[in-house]
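The block underneath contains the structure these notes are about, expressed in C-alpha cells.
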Amino acid sequence: MRRGFGRRRRQQTSDQAPGVDPAELQKVSKAGLVPTPLEHREIPEVPAQLAVIGCGREADSDVEWWVARAEGAAAAAAAVLIVRGRVLAEGSSSTPRFLAVATTAGDADRRQLSCFGALPDDVSTHVLSREIALAGPPPEERTPVPVAWVLSGIAQQPRRQLAERAVAGLRGLAAKYAGSLRAEPRSVELCVGARPVAALQVEAETLSIVTLLPQRSVAVLASESLPDALDRLEGNLRRRLNDRKTRDGEEGLRGRLGPVLADHCGVRSVAPWPLTGEDPDPLDWVGVDATGGIVLGTARLALQVSDLLTLLGGVARARPLLPVILGEAPGPIRPEELRLVVAAEEFGAGVEALFPHLRFPVESLSVADIAALSPRVEAKGKARGTPAPATSSDDRGGRGRSRRGRGRRRTAESEVPAEIPGTGDAGAGDAERAQSSRALAVSETPSDGDGEAAPEAVESSIEELSLFDLDDETGDDGGGRRRRRRGRRRGNGNGRGRSEDGASEEEGSSGEGPQARSGRGSGRSRGRGKGGANTAADEKGSADRSPDEAAPDDGDEDPDVDDEQLLALDPDAPEPEDSVDVRYEDSELDEEPLTESEQLRLERERRRLARVAAKPQEDRATRDEPAAESEAEAGLPRGRPAILAHADRQSLIAATVLGRDVRNVEGIWVYPQDELMTFFRGVATDLRENTPVFVVGFSAKPSRDAIQAAALYRGRLVWFDHHEWPPEDAGSMAEAVGPEMLHLTPEVESSLAAVLSQCKRRSRFSDKLVDLATGRFSQHDYERWGRLWWKRLGDIAATSGPVGNALDALFGGRPSDLAREAGRHPTPDPPAELAFASGRDFRIVHFGGFGLAVVEVPASLDLHLCARIVRERHGLALSLGRTEGSEAVVLGSDDATGRRSLDCSAMVDHLVSKFSWAEPLPDDDHVARLRIRDLVSHPERFEELVSDIAMGRSILEG
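Structural data, given as C-alpha cells:
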C-alpha cells in the first residue's frame, strides 16, 4: 500500500486566503482617490491572493494611474512596488503614477513595513481604517531571555537541580539533532527544524516536559522519572525527523541548510532559530560576520511574496532582541549594519523585485541538490537596499501636514468624498495625508473606532483535545467489560449489555436478552430503556430534544421493573443465535485459512447483525396482516437475472457482487443515466420471458417513462439506488414494481449497501470486492490485483452496452488467478484520488492517542479511497469524510491495517442516539455513516460531531 500510495517529495505550499474582489477597484475610483475609472489588470508577478491591480488613464492627460488594492498595508505596498518595477521596465509613453490602497494596517503590517526603505516619488499610499470588532485581546508576544534567567527564578534547591538536569538533557538533544534551546521567562523550548518540538515548563509547584510535536503530551517531572521522560521525548523526536514528509519537506531542508548557509556567509556566533513564540520560526539563524555586522539567514523550498512579508516581520521582531540573542557573542559587533541572506530552490514571481526596496542589503542564493545531506548554494544576486526615510516633526505619528514641492501630482482635497462605500469613513484632509509620506508610514482614514484591524487569529489545521478534558464515564458496576455511554442506556448492573461479538454477554447469569441491546439498533426509534421498548413519553422527549441540548444521564434503572418483565416486553425479538451466525461456505475455506482481516470482517458483520436483531420491533398489533405477509415474502426473484448497472465504478462493483450472490446471470449491461430507456426499449424486449431484471444505481429519470417501463416487469424487477428521489417518484415506483422490490438508500455514496441488504450468501471474494469499493482493502490484495482492477472497473464503467466476459475473472473469484493475470500487465497510473489527497493539507484532530482527519472531497472522486490515502499519509487511525454538498458523513478506520480494531459503528450509534439532528444511514457494507440534517444551515453541528467523537474514545475501543 505504501508503494501504491506513497507520497513523493513535493513543494509545500501554505494555505492561501481568497483574493481581493476586483470590485474594490471601482470603490477606489468612486471615492476620488484617483481621478479616473480603473480597469482590472492581471499582473503575473502579483498573486491574486496578495492584491488586485487596476489601471486607468486620466482624461486629457498623459498620466496613467496604477492602483494596488489589498487588505493589509504591507501587501498593498509590496504589490505596488512590484507593479512599478514591471511598468518602468516595459516602458510607456504616458507618465505612470502608483497608489497602494489597503483596508487596515495592523501590528503585523507595521512590522513588515518597517523593513522597507523610502518610497519613490511617484508612489503614494492610503489606508482605509475599518472598525473591526475584536474577539479578544491581542496575543502577547513572547520575549526570549537567557536560559540562566529561567533557572534562577526557581527558589527551591531540589527543583532547581531537577530543572538543570532537564535543561542539560534538552541541550544534549539539541546538539544531537542540530537544534537549539531558547527560553522565555517561564519555559525553555527545544527547537529543531524551525519548529518548537518540546518545552520545559516551570510552574509554581511543578516542572513538566511538554511534547509539542508530533503529538502534544505532558509529563510531570520527578527526579526518578526524568530519564524516562527524556527517552520518550527522544523517541518521538526521532520518529518525527525520520518521517518522509518532514525529512524531504521544507522543514528538513531548513535544518540541513542552516549550517551550510552560515559557513557560506562566513558567520560566527551563530544562534539558530532565535525567536520564541513563532511556529515555524521565520528565521533560521542570526550571526555576526567578519566585520561585526549582523547577518540574518533563512532557507525555503519556494519563497513567495507572502513568505517574504512574513520573513520581514520576523526580521523586525529580531532587531530589538539582538542584545539578548547575541549577548554572549564576542566583539566587535556593529548592530547598525544588518544584512539578510535568503536561500531558496525557487523564488516566486515578484520576490526579487522587492529586495532593492528594503532598508538593508539582501543576498539571494539558489539551492541545488536539496535531497542531499549537505545541499549546495550558489550566489544568485545582491541588492544594496534603500535608505530609511528621513523623519521630521511633521512625520511622526502620521498626523502632520504634507510636504510639498516634491515634483509630483496631488489629488485635490475636494475630490475625496466623505466615505468609500463599504469600507468606512474618510475625511477630506486625508487625501493630502495619503499623498504626503515618502516612506511607507501609511496614512490612515480615521473612523469612530481605533482604526486598527484586530490581529488575525491563525487557525491551526491540527486541533488538540487534552486527555484531562475527556470523560470516559465508567459505569457504576465497576465489573462490566465495557463502560457505559453517557445518558443513553440503562444497564442491569453488568456493563453495557452487549459483548464485543454482538451476542449476549453471559445471558444466563445476567438475565439480559437480545432486547437489552435495542439501544444499538440502526433505526431512528432507538430505545433508551432496557429491552428496547420505548414508552411514548421517551419517544416524545427524544423527538423534542433540541440539537444543542445534551441528553441527561438516565441514572439507575427503575427499581419497580425486574429482569423478567424486561425480557417479556418484546416476545417477538429474534433469538441471538439466529441473527449473529456469520460464516463463509465450507468450499471457500479449502484454499487457505481465514486471514486476520477476514476474521475482523466476520466480527464486524456479527456486530452489525446483532444490532439489527436488537432493533426495537414494531408492535405487531398495529400492522395489518397483508403487509406482514408481503414483508415475509420479500426477496430477490428466482432465475437468471439481467443486471443493468449505472456507468460508474461503484455501481459496477455492486452489480458484480449481486451477480456473484445469484451465481448465474443472463448478462450485465452498463449505461449512463441518460440512456436508461435504451435498455428498456432495446435490450429488455429481447430477454426471455420471466427473466428477472436488476437495476443498480439509476434514478427514475425520465420519471414517467421509467416508471411505466418498470411496471411492465412487476414481480421480477428489483431496483437498487442511492440517489435522492422526489417523494412522488418513489411512491409511484413502489406502486409500479412493489414496495418490496424498491431498495433506496439516499445520502449513501453508492448502491452497494442496498445490494448487500438483499444478498444471502457469504463469499470471501465478494467481501474483498466490498473492501475494494469502501477503501478497506489490504495492502497484499491491492498490490497483487486490486490496483489493476480498480482501473479496469473504471474503464468498463466508461463504456456503454453489454459487459460481455470482461468481468468473468471477478465472477470466478480466485485471487491467485487475478494476481497472475495482473502480473502480465503494466502497473496502472495512480488514481486521481492520490493527487488530491497528497496535494493539500487536511484538518487533523488528536485525542486520547488517536488521530482523526477531516476529509471533504469533490463529488467526482471516491470518498473512501481519498480517506484511506489521507489516513495512511498522516499515519492516523480514523477519518471523518464527506462529499461536497452532501449531508452524509463517513467515519472510517483501517481495521485490516491498523494495530487495533475500532468499533466505528458503535460510535455512530452513540452519535445518533445523542443528537436529534443525526440520522443513521445503512451500514450493510460495513461503513459507519450518518446524516447531519440541515448541515448547510447549521455547520456547527459538524463541529459538535467531531467534539463528541473525541470524547468517546472508550466507545471506539469497545
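Just so we're aligned: the sequence shown equals residues 1332 to 2289 in our numbering. Don't be surprised by glycine CBs; every beta carbon is placed ideally from N, CA and C. The structure presented is a predicted model; accordingly, all values stated were derived computationally and were not measured.
Three or more C-beta pairs closer than 8 Å, one from the segment 1671-1681 and one from the segment 1690-1699: is that the case here?
yes
Whole-angstrom C-beta distance between Val2243 and His2251, which should lie under 8 Å:
Position 920 of the sequence shown holds residue 2251. Position 912 of the sequence shown holds residue 2243. For clarity, residue 2251 is Pro in the given sequence; the question names His instead. The pair is a contact, with the Cβ atoms about 5 Å apart (cut-off 8 Å).
If you compare alpha carbons, which of Ala1506, Lys1713 and Val1481 is closest to Glu1495?
Here residue 1495 corresponds to residue number 164 of the sequence shown, with the count starting at 1. Here the closest residue by C-alpha is Val1481.
With burial defined as no fewer than 16 other Cβ atoms inside 10 Å of the residue's Cβ, what is the status of His2322: buried or exposed?
Since the displayed the chain opens at 1332 and closes at 2289, residue 2322 lies outside it and no answer follows.
Considering only the beta carbon of each residue, do Asp1992 and Lys2091 sit closer than 8 Å?
For the purposes of this step, residue 1992 is taken as the residue at position 661 of the sequence shown. For the purposes of this step, residue 2091 is taken as the residue at position 760 of the sequence shown. Going by C-beta atoms, Asp1992 is nearer than 8 Å to Lys2091.
So, is Glu2152 buried or exposed, given that buried needs 16 or more other C-beta atoms within 10 angstroms?
Stepping through the sequence shown from its first residue, residue 2152 is reached at position 821. Glu2152 comes out exposed.
Just how far apart, CA to CA, sit Pro1663 and Ile1413?
As a working note, residue 1663 is residue 332 in the sequence shown. As a working note, residue 1413 is residue 82 in the sequence shown. Roughly 37 Å separates the two Cα atoms.
Do the segment 1511-1525 and the segment 1607-1619 meet, that is, are 3 or more Cβ pairs less than 8 Å apart?
yes
Check whether the segment 1396-1415 and the segment 1447-1461 touch, using three or more Cβ-Cβ pairs below 8 Å as the test.
yes
Report the residue ranges of all beta strand (DSSP E) runs contained in full by the segment 1976-2031; include only those spanning at least 3 residues, in chain order.
1998-2002 and 2024-2027
With 16 other CB atoms within 10 Å as the buried threshold, where does Lys2245 fall?
Walking along the sequence shown from the start, residue 2245 turns up at place 914. Flag for Lys2245 reads buried.
Own chain residues within Cβ distance below 6 Å of Leu2141, not counting five before or after:
Counting from one through the sequence shown, the residue named residue 2141 turns up at place 810. For Leu2141, where only same-chain residues beyond five positions count, the Cβ hits under 6 Å are Thr1987.
Proximity winner among Lys2032, Gly1363, Gly1580 and Leu1538, relative to Glu1389 (alpha-carbon distances)
Sequence index remark: in the sequence shown, residue 1389 carries index 58 (1-based). It is Gly1363.
Integer Cβ distance of Val2101 from Phe2051, believed to fall under 8 Å
Taking the first residue of the sequence shown as position 1, residue 2101 is located at position 770. Taking the first residue of the sequence shown as position 1, residue 2051 is located at position 720. That belief does not hold up - the Cβ atoms of Val2101 and Phe2051 are roughly 15 Å apart, past 8 Å.
Round the Cβ separation of Leu1430 and Val1398 to the nearest angstrom and send it over; I've been treating them as touching at under 8 Å.
For the purposes of this step, residue 1430 is taken as the residue at position 99 of the sequence shown. For the purposes of this step, residue 1398 is taken as the residue at position 67 of the sequence shown. So it is a contact: roughly 5 Å between Cβ atoms.
For Arg1517, which residues of its own chain have a beta-carbon under 6 Å away from its beta-carbon, when the five flanking residues on both sides are left out?
Translated into the one-based positions of the sequence shown, residue 1517 becomes position 186. Val1533, listed in sequence order.
Would you kindly check if the distance between the Cβ of Gly2283 and the Cβ of Pro2133 is under 8 Å?
Walking along the sequence shown from the start, residue 2133 turns up at place 802. Walking along the sequence shown from the start, residue 2283 turns up at place 952. For Pro2133 and Gly2283, no; Cβs fall outside 8 Å.
Look at the alpha carbon of Leu2303 and the alpha carbon of Thr2158, and state the distance between them as a whole number of angstroms.
This structure cannot speak to residue 2303, because the chain is shown only from 1332 to 2289.
Check whether the segment 2153-2172 and the segment 2193-2213 are in contact - that is, three or more C-beta pairs closer than 8 Å.
yes
Under 8 Å Cβ to Cβ from Leu2276, same chain only, skipping five residues before and after it: list those, please.
The residue you call residue 2276 lines up with position 945 of the sequence shown. Cβ neighbours of Leu2276 beyond the five flanking positions: Leu2211, Val2220, Leu2242, Phe2246, Ala2249 and Ile2263.
Hey, how far is the Cα of Leu1543 from the Cα of Phe1691?
Within the sequence shown, residue 1543 is the residue found at index 212, counting from 1. Within the sequence shown, residue 1691 is the residue found at index 360, counting from 1. Spanning the two alpha carbons is a distance of roughly 35 Å.
Environment of Arg1428 [buried if 16+ CB atoms lie within 10 Å]
Here the question's residue 1428 lines up with position 97 in the sequence shown. Burial call: buried.
Supposed close pair Ala1505, Leu1552 - CB separation, criterion 8 Å:
Start at 1 with the first residue of the sequence shown, and residue 1505 comes out as number 174. Start at 1 with the first residue of the sequence shown, and residue 1552 comes out as number 221. In fact, because the Cβ distance is near 18 Å, the residues do not count as touching under 8 Å.
Rounded to whole angstroms, what's the CA-CA distance from Gly2106 to Arg2093? Just pull it up for me.
Translated into the one-based positions of the sequence shown, residue 2106 becomes position 775. Translated into the one-based positions of the sequence shown, residue 2093 becomes position 762. Going by the C-alpha atoms only, they are around 20 Å apart.
I need the boundaries of the beta strand (DSSP E) containing Arg1563, first residue and last residue.
Here residue 1563 corresponds to residue number 232 of the sequence shown, with the count starting at 1. Looking at the DSSP string, Arg1563 is not in any beta strand (DSSP E); the run it does join, the alpha helix (DSSP H), is Leu1557 to Asn1573.
Within this structure, are the beta carbons of Leu1627 and Val1646 separated by less than 8 Å?
Residue 1627 sits at position 296 when you count from the first residue of the sequence shown. Residue 1646 sits at position 315 when you count from the first residue of the sequence shown. Taking 8 Å as the Cβ cut-off, Leu1627 and Val1646 qualify as a contacting pair.
Please go through the same chain and pick out, in chain order, the residues whose beta-carbon is closer than 8 Å to the beta-carbon of Leu1419, but skip the five residues on each side of it.
Working through the sequence shown from its first residue, we reach residue 1419 at position 88. So the qualifying residues of the chain are Pro1427.
So the beta strand (DSSP E) Phe1686 belongs to, where does it begin and stop?
Residue 1686 sits at position 355 when you count from the first residue of the sequence shown. Run containing Phe1686: none; DSSP gives neither H nor E here.
Thr2076: which of Arg2260, Leu2222 and Arg2155 sits nearest, CA to CA?
Stepping through the sequence shown from its first residue, residue 2076 is reached at position 745. Thr2076 has its Cα closest to that of Arg2260, out of Arg2260, Leu2222 and Arg2155.
Based on DSSP bridge pairs, tell me the residues matched to Thr2105.
Against the sequence shown, residue 2105 aligns to sequence position 774. Note: Thr2105 sits in no beta bridge, so no partner.
I'd like the list of long-range same chain contacts for Val2027, defined as Cβ closer than 6 Å, with 5 residues on each side in sequence excluded.
Residue mapping note: residue 2027 aligns to position 696 of the sequence shown, counting from 1. Same-chain partners within the cutoff: Ala1976, Ser1982, Ala1985, Ala1986, Phe2051 and Ser2082.
In angstroms, rounded to a whole number, what distance separates the CA positions of Val2267 and Thr2214?
Numbered from 1 along the sequence shown, position 936 holds the residue referred to as residue 2267. Numbered from 1 along the sequence shown, position 883 holds the residue referred to as residue 2214. Going from the Cα of Val2267 to the Cα of Thr2214 covers about 13 Å.
Buried versus exposed call for Gln2004 [16 or more other C-beta atoms within 10 Å across all chains shown]:
Position 673 of the sequence shown, counted from the start, is the residue given in the question as residue 2004. Exposed: under 16 other Cβ atoms inside 10 Å.
Inter-residue Cα distance where the pair is Glu1515 and Ala1479:
In the sequence shown, the residue the question calls residue 1515 occupies position 184. In the sequence shown, the residue the question calls residue 1479 occupies position 148. Looking at the two C-alpha atoms, the distance is approximately 10 Å.
Enumerate, from N- to C-terminal direction, the unbroken alpha helix (DSSP H) stretches of 4 or more residues contained entirely within the segment 1576-1662.
1581-1596, 1636-1649 and 1653-1656
Do you know how far the Cα of Ala2281 is from the Cα of Val1996?
Working through the sequence shown from its first residue, we reach residue 1996 at position 665. Working through the sequence shown from its first residue, we reach residue 2281 at position 950. Using only the alpha carbons, I get a separation of about 47 Å.
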